[in-house]
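Residue numbers (the working numbering): 1 to 155. The beta-carbon is built from N, C-alpha and C at its ideal position, and this holds for glycine as well. Note that this is a predicted model, so its numbers are computed, not measured. Below is one structure, written out as structure tokens; comments come after it.
This is how it looks when you write it as structure tokens:
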């Protein structure tokens, strides 16, 4: 039996071929805002919740449950959940998701958040990053501080 990581990659490959071979955007994004179609223009399918929200929050991977989404939409956030077929979301994909206007990102433990990503978030007007993990060993807090991005974690 192959190691767990190898099996996970095999399953991800099968899902990618089966589900994303003919991927269509989960939601057709509105062009009413300057940031509305940036992620889709970068070739990354996203699922949009609360299209008219005043704050744009990018979620790098689908998360369990619904309560977190309810809280963000009640706080007038437009929430864009990446539907990228990548098993581990790459820095390039995250930068495309952030685009030129983003208020905050909810990321994963599997992502290495350092100066490159925090600079991209800051340049897009972002000021908040939350790490969906128990710890924060994947987050360069110094780089976040330098980029004036507040960091939290969401265990």
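Below-9 Å beta-carbon distance, residue i vs any chain D residue
i: residue 104; result: Looking for chain D here will not work: only one protein chain is present.
DSSP beta-bridge partners of residue i
i: residue 56; result: 78
i: residue 108; result: 132
i: residue 153; result: 131
i: residue 48; result: 80
Residue range of the beta strand (DSSP E) that includes residue i
i: residue 142; result: Counting along the chain, residue 142 falls outside any beta strand (DSSP E), though it belongs to the alpha helix (DSSP H) covering 141-146.
Cβ-Cβ distance between residue i and residue j below 9 Å
i: residue 122; j: residue 150; result: no
i: residue 98; j: residue 126; result: yes
i: residue 139; j: residue 155; result: no
i: residue 107; j: residue 128; result: no
i: residue 61; j: residue 90; result: no
i: residue 56; j: residue 102; result: yes
i: residue 153; j: residue 130; result: yes
Residue range of the unbroken alpha helix (DSSP H) whose run includes residue i
i: residue 122; result: 115-123
Helix, strand or coil at residue i according to DSSP, with G and I counted as helix
i: residue 70; result: helix
i: residue 91; result: helix
i: residue 61; result: coil
i: residue 138; result: coil
i: residue 28; result: For residue 28, the predicted model reports a pLDDT of 29, less than 50, meaning its position is unreliable; a value from the coordinates is still stated below. Here residue 28 sits in coil by DSSP.
Query raised in the report: Should the stretch 40-60 be called in touch with the stretch 71-90, which here means at least 3 C-beta pairs below 8 Å?
Result: Pairwise C-beta distances place the stretch 40-60 in contact with the stretch 71-90, as three or more of them are shorter than 8 Å.
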